[in-house]
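Taking it in order: structure first as structure tokens, then the write-up.
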Amino acid sequence: MKEEKERGVHPCIDEQAHRLIHEIRMYADILNDRRGQRPAQNRVLFLLHRYGAITQKQLQQHMQIQQGSLSELLGKMEASGLITRSRDSKDKRQVILQLSEKGIAVEHANHDQVMAENNEMFSVLSKQEQKELERMLNALIIDWKEKHPDAFPEDHWQTLFSKI
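In my numbering, the protein residues as written are 443 to 606.
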């Protein structure tokens, strides 16, 4: 146990689980590096495409990042012509975010690229192996969701929109 602490490995961490999480992160990193894109910007594009016009506060809550970080990111995206920001006509304190036509085109291109790369990456697995991997990942998600229901932003997202 002392040796593990000296190596920086916590004795309670299951090495196999640690390796699996690391490999899942590597997959995401490989795809992001290959695309030469910024994950936070892609996430904003995806969320605005999925949910349409939303407030900056809702986006911040969903992304779970600091207000200043989000404002800086949105400023760059607005300057690049990817999004538009406008005041809510009902509540002038709220800023409404939407994808511009350019943002929609970029999101569609991103989606097409993601689909092609996912197909390429998973082509090494047979259809049966892909189904088994999906089944195992779903089992992990369902178990984690039951143990930690607050850890799932989509559920939080649905709650946010039910109040609008």
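All C-beta atoms in this analysis are idealised placements derived from N, C-alpha and C, irrespective of residue type, glycine included.
query	result
Who pairs with Q540 in a beta bridge, going by DSSP?	T526
Going by DSSP in three states, I496 sits in which element: helix, strand or coil?	strand
In terms of residue numbering, what span does the alpha helix (DSSP H) encompassing A581 cover?	569-589
With C-beta atoms as the reference, is L539 less than 8 angstroms away from L516?	yes
I'd like to know whether the C-beta atoms of L541 and L487 end up nearer to each other than 8 angstroms.	yes
So for Q458, helix, strand or coil by DSSP?	helix
So, N484 versus N552, is the Cβ gap smaller than 8 angstroms?	yes
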